[in-house]
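S.K.: First the structure, then my questions, so here it is.
Chains as they are written, first to last, in the numbering used here: chain X, 222 to 545; chain P, 514 to 800; chain H, 5 to 310.
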C-alpha cells in the first residue's frame, strides 16, 4: 500500500493564555489515504479548525505546534519552517475555507485570484491558467465562466462564491483537499448543492478529502471514514458505516441521538441533548475529557483509556461493554 | 478560534500599562505645578531686572544661584515663568475641551440618535469645519476679536469640536438600536432623558480618549498661536510665547527655547500617552 | 459611480459656499471692520471714509453677494496694504507653499508607508515599537519649536544648512523635514493598523493557502486593501500641510502663503486674509473630494455601484 497523504501522530497545538497555556489540540492522530474522504466531526471549539489550519501551516504566529509524527504528502513537516510550507501550499495541498464572503479579496478581480496561485507555483502562463480557470468554473457550475473572470467577488452570490473557492482550490490540481466547514455560512438549500459538488469532484478527481464539519447529516452522505473529536482529541474513529451503525463512544452516541431521523423521530419530539459543558482546555487534562458529561462514567475514567488497534478505534474504557 | 482574552483586575492593568502610569504622573506633576505656582515659583514671574538679563541656567559658569534656570531678555526669573506657563497650557487644554466637548457631543448625539435630516445637517457642518484651515482661522479670529486667554479658549473651543461630534455620533448610532434604548422609548422616556442619562454614560470610554487628544491639540495650538504673537498677551507666561521671546537670542542661548519647548513636548507627550493607554484599556479603536 | 461622483461634487460645492460665508463673516468678528482697517489710532472720519470706500455701510447679505460674485469671476479684491489685486499677490506666494507642502507630503509618505507596513508585519516587535515611539514623538513635538531647534543644531552649530530662506535647495531640507515629521505619524499609524487588520483577514489567509510568495501576499493582496483608508487620510494630511505651513514659514522666513496670511493679519489687510482662508479651504475640499473619488475608483464595490 502506498504511503498515506497524511500521517499524523500526537499532534499538539497550544496558545499562551495569561500565565498558563491553552492546550487546544492534545495528542491527535489522523491518517488520510489517497482518494479517501475523511470527515472530522465535533462541536465548535473542539479544535477541528485549528487542526485544519495546522495542516496548511496557517496557524497564528503565537500558536505552538508539536507532533510525534507529521508526514504530509510524503514530506516530514514535524519541524517545518515557513519555507517548507511554501513547498506544499498550492503544490498538491489546497484548502477551502468556512466563509466564502470574507475569503475572497474584495478589491481584486476573480480571474486574477483564480489564476495567480498556479502562475506563481506551477509556472503556468497567464493564458494557460485562464483556460484552466474557465474549465474549472464550468465544472463547479458557474455559467458563462469566461465572461465572469473580469468580475469582482461582490458580483457573485454566497453559493457562487463558495463554488469559486472550490474552483480556486482545484486550480493547482491538489492531491489532498482540506475543506473547513465549507457550508456553514451558506443557506440550507445551497449547502446540499455544494456538498454534492464536493463529493462528485472528490470521486472524479480521486482527491484525498478532509472535510471538517459538525453536521452529521453531511458526514453520512459523503464520508469514507469518520473521526470524532472532543476537547482536542479523537475519541472515536472508523469506517463511516461502522460509526453510524455501531457508535461505541458515549460522546458519539450522544451526537447520533441528536440527529432527527425522518419517519422515526416523532414530529415535535424533543431531541436529546448532551448535558453539561465542554471542559476548559487550559492546563493539563487527566483521563477522559468527556467523563463529567458522560452518563455511564465509572471511576476508571479518571485514567485515559488505551486505544485498541484496528479500523474502528474508540478511546473509552466501556466501549465494548456499552455498545448496544 | 482565538484564545479567550485573559483579563486582570483594572488596577493591575492600569499600573501594568507604562503609558498610562508615565503619562498620568507627568500630567499630575504639571497640574500640581499649575495649581501651586505661587508657592512653587521662587520669584515673581513678572518682576523685571534689566541688570540681570539672559542669565544662563545653573549648568553654566556664569549662572546666578538666585536664578536656577536663568533669566529671560527682561531679566525675569525663567524657572518661575516656566512654572506659571503650566497654568496657561492647562487652562487652555481644559477650557477648550469644556467648550468643544459641549458643542461636539451635543451635535454628535443629536445626529446619531435622530438620524435623517439632523444627521445630514450635522455631517455637513462637520465637513465644513474640517475644511477650514484651523491655524489661520484661529489666528484671524483671535487677532480680530482681540488677543486674550479667554478669547483664545473660546476660539479654539469653537474650532476643535469635530472629533467629539464624530465619535459621539458613531456611538449614538450603534447604541440607538440596542435593546435598552428601545426599552426606554417603550416605557415612554423622553429623547433628552435617553440622550443624556442613557447614551452619554455608555460612551464614556470613547469620549475620554477624544478628550485627551483634544487637550493635546489645544495645548499645541495655543503654543503655536502665542508663538506667532496672536495668542495670550505679554507679559503672561506661556511656553509658546516664551519660545517666541527667546527666539532673538537663539544663536547664543538656545536653552531659552529648549526649556519651554521641552516642557511643552513632555506635557503633550504625557497627555497622548495617557490617551493611547486608556484607549487600550477601554478597548476602543484607534481613530 | 456617476451618481456617487455627482453627489460628492454637489457636497463639495456646498461646503465651499458655506466656507465662503464663514470667511467673509470672519472680519466682522472685530465688531467694525472699518475701525480694524483704519487702525484703532485713526479718527472717526478715517473710519467713516473706509466704511464707504469698502462698502461696509451696506447690509451684510449685499456685501457678501457682491464679494462672492467677484470671487466667482476670479476677482479676489484688492489688498489694502499693497494696493494691488489680491490674486496677483497670492499668485506670487502660492507656488512656494505648494512646493513646500508637496515635498513634505512626499517625504512623509515615503517614510510612513514602508514603516507602517514593516511595523504591521511583526506587531509588538522591535521595529514596531521604534516606529510607535517615532510616531508618538512626532505628534507631541510642536513643529515651530522643532524647526527652531533644528536651526540651532543643523544651521548654527554644524552649519550644514542655511538657517533661513529658500535661496538654495539646501534651504528646503529643514522646513520640509520638520513639516514631514508632523504629518508622518498619522499616516504611519493608519498604514500599520490597516495592514494588521488586513493581514489577519480571511482573504489574506486564502492568498497564503494558494501558495503565493509572502511578498506578493503583502503587496498585492494586503496593501491593496490597507491603502484605502490611507488615501483618505493622505488627502486630509496634504491639506493640513498646506494650511499648516503658516508656522513653519514664519520660523524659516519663507515668503509663502502662510507668511503672507500672518503678515496681512498683523497689518489688518483683511481682503488678503479672507482670500487665503477661502483658497486653503477650497484646496482642502478639492483634495478630500479627489481622495474620495480615488478611493471609489480603487474599490470595485463602490466603482460598480450606481
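Here a beta-carbon is modelled for each residue, glycine too, at the ideal position from N, C-alpha and C. A quick note: this is a predicted structure, and the numbers were derived from the prediction, not measured.
Of the residues that make up the region 205-220 of chain H, which ones have a beta carbon closer than 9 Å to any beta carbon in chain X?
M.R.: Hits within the stretch, in order: 205, 206, 207, 208, 209, 210, 211, 212, 213, 214, 215, 216, 217, 218 and 220.
S.K.: Return no unless some Cβ of chain B is closer than 8 Å to the Cβ of residue 265 of chain H.
M.R.: The structure shown contains no chain B; the protein chains it does contain are X, P and H.
S.K.: Helix, strand or coil for residue 346 of chain X per DSSP?
M.R.: Coil, per DSSP.
S.K.: Put residue 636 of chain P into one of helix, strand or coil per three-state DSSP.
M.R.: If DSSP states are grouped into helix, strand and coil, residue 636 of chain P belongs with the helices.
S.K.: So is residue 544 of chain X buried or exposed if we call it buried at 16+ other beta carbons inside 10 Å?
M.R.: Here the model assigns residue 544 of chain X a pLDDT of 42, short of 50, so the residue's position is not dependable and the matter cannot be decided.
S.K.: Measure from the alpha carbon of residue 248 of chain X to the alpha carbon of each residue in X:241, X:271, X:237 and X:254, then state which is nearest.
M.R.: Here the closest residue by C-alpha is X:271.
S.K.: Please list, in chain order, the residues of the region 285-306 of chain H that have any C-beta partner in chain P closer than 7 Å.
M.R.: Listed by position along the chain: 285, 288 and 289.
S.K.: Go to residue 245 of chain X, then tell me how far its beta strand (DSSP E) extends in each direction, as first and last residue.
M.R.: Here the beta strand (DSSP E) through residue 245 of chain X covers 241-253.
S.K.: Provide the residue(s) that pair with residue 503 of chain X in DSSP beta bridges, ordered along the chain.
M.R.: According to DSSP, which records beta bridges pairwise, residue 503 of chain X is partnered with X:243.
S.K.: Taking the beta strand (DSSP E) that residue 398 of chain X falls in, what are its first and last residues?
M.R.: Unbroken beta strand (DSSP E) run through residue 398 of chain X: 397-401.
S.K.: How would you write the range of the alpha helix (DSSP H) that residue 471 of chain X sits in, first residue to last?
M.R.: 471-478 is the extent of the alpha helix (DSSP H) around residue 471 of chain X.
S.K.: List the residues of chain X whose Cβ lies closer than 8 Å to the Cβ of residue 228 of chain H, in chain order.
M.R.: Those are 326, 328 and 329, listed as they occur along chain X.
S.K.: Shortest alpha-carbon distance to residue 20 of chain H belongs to which of H:292, H:300 and H:276?
M.R.: Comparing Cα-Cα distances from residue 20 of chain H to each of H:292, H:300 and H:276, the minimum goes to H:292.
S.K.: Does residue 74 of chain H get closer than 8 Å to chain X when you measure Cβ to Cβ?
M.R.: It does not: the Cβ of residue 74 of chain H has no partner Cβ on chain X nearer than 8 Å.
S.K.: Taking the continuous beta strand (DSSP E) assigned at residue 519 of chain X, which residues delimit it?
M.R.: Taken as a continuous stretch (DSSP letters only), residue 519 of chain X belongs to no beta strand (DSSP E), as it is neither H nor E.
S.K.: With distances taken between CB atoms, is the gap from residue 750 of chain P to residue 597 of chain P smaller than 8 Å?
M.R.: Taking 8 Å as the Cβ cut-off, residue 750 of chain P and residue 597 of chain P qualify as a contacting pair.
S.K.: Return yes when the Cβ of residue 593 of chain P is within less than 8 Å of the Cβ of residue 570 of chain P, no when it is not.
M.R.: Not a contact, by the Cβ cut-off of 8 Å.
S.K.: Tell me which same chain residues have a C-beta within less than 8 Å of the C-beta of residue 375 of chain X, skipping the five on either side of it?
M.R.: So the list reads 327, once near-sequence residues are dropped.
S.K.: Under the rule that 16 or more other beta-carbon atoms within 10 Å means buried, what is residue 301 of chain H, buried or exposed?
M.R.: With fewer than 16 Cβ atoms within 10 Å of its Cβ, residue 301 of chain H is classed as exposed.
S.K.: Rounded C-beta distance between residue 585 of chain P and residue 769 of chain P? I'm assuming under 8 Å.
M.R.: That belief holds up - the Cβ atoms of residue 585 of chain P and residue 769 of chain P are roughly 7 Å apart, short of 8 Å.
S.K.: Among the residues of its own chain, which have a CB less than 8 Å from the CB of residue 97 of chain H, if the five just before and after it don't count?
M.R.: Excluding residues within five positions, the ones whose Cβ falls inside 8 Å are 259, 260, 261, 263 and 264.
S.K.: Starting from the beta carbon of residue 38 of chain H, find every residue of chain P whose beta carbon is closer than 9 Å, and list them in chain order.
M.R.: Per Cβ cutoff of 9 Å: no residues; residue 38 of chain H is ~13 Å from chain P at best.
S.K.: Between the C-alpha atoms of residue 64 of chain H and residue 279 of chain H, what's the straight-line distance to the nearest angstrom?
M.R.: Cα to Cα, residue 64 of chain H sits roughly 17 Å from residue 279 of chain H.
S.K.: DSSP on residue 404 of chain X, reduced to helix/strand/coil?
M.R.: Correct three-state label for residue 404 of chain X: coil.
S.K.: Pick from X:472, X:391, X:409 and X:446: whose alpha carbon is nearest that of residue 419 of chain X?
M.R.: Considering only alpha carbons, the answer is X:391.
S.K.: List, in chain order, every chain P residue whose beta-carbon is nearer than 8 Å to that of residue 233 of chain H.
M.R.: Simply none; closest approach about 11 Å.
S.K.: With C-beta atoms as the reference, is residue 277 of chain X less than 8 Å away from residue 322 of chain X?
M.R.: Cβ atoms of residue 277 of chain X and residue 322 of chain X: not closer than 8 Å.
S.K.: Check this for me: beta carbons of residue 149 of chain H and residue 774 of chain P, under 8 Å apart or not?
M.R.: In contact: residue 149 of chain H and residue 774 of chain P (Cβ atoms closer than 8 Å).
S.K.: With three or more beta-carbon pairs closer than 8 Å as the criterion, would you say the region 164-180 of chain H touches the region 126-143 of chain H?
M.R.: As far as the Cβ criterion goes, the region 164-180 of chain H does not touch the region 126-143 of chain H, which means the pair count is below three.
S.K.: Indicate the three-state DSSP secondary structure (helix, strand or coil) for residue 436 of chain X in the structure shown.
M.R.: Residue 436 of chain X: coil per DSSP, three-state reduction.
S.K.: Would a check of beta-carbon distances place residue 338 of chain X closer than 8 Å to chain H?
M.R.: It does: the Cβ of residue 338 of chain X has a partner Cβ on chain H nearer than 8 Å.
S.K.: Compute the distance between the beta-carbons of residue 83 of chain H and residue 221 of chain H, then report whether it is under 8 Å.
M.R.: Against a cut-off of 8 Å, the Cβ pair of residue 221 of chain H and residue 83 of chain H comes out as no contact.
S.K.: DSSP three-state call for residue 310 of chain H: helix, strand or coil?
M.R.: With a pLDDT of 45 at residue 310 of chain H, under the threshold of 50, the modelled position of that residue is not reliable, and the figure given next carries that caveat. In the structure shown, residue 310 of chain H sits in coil (DSSP, three-state: anything other than H, G, I, E or B).
S.K.: DSSP puts residue 285 of chain X in a beta bridge; with which residues?
M.R.: Its beta-bridge partners are X:235.
S.K.: In angstroms, rounded to a whole number, what distance separates the CA positions of residue 747 of chain P and residue 732 of chain P?
M.R.: C-alpha separation (whole angstroms): 18 Å.
S.K.: Among X:295, X:365, X:338 and X:440, which one has its Cα closest to the Cα of residue 400 of chain X?
M.R.: Of the candidates X:295, X:365, X:338 and X:440, the one whose C-alpha sits nearest the C-alpha of residue 400 of chain X is X:440.
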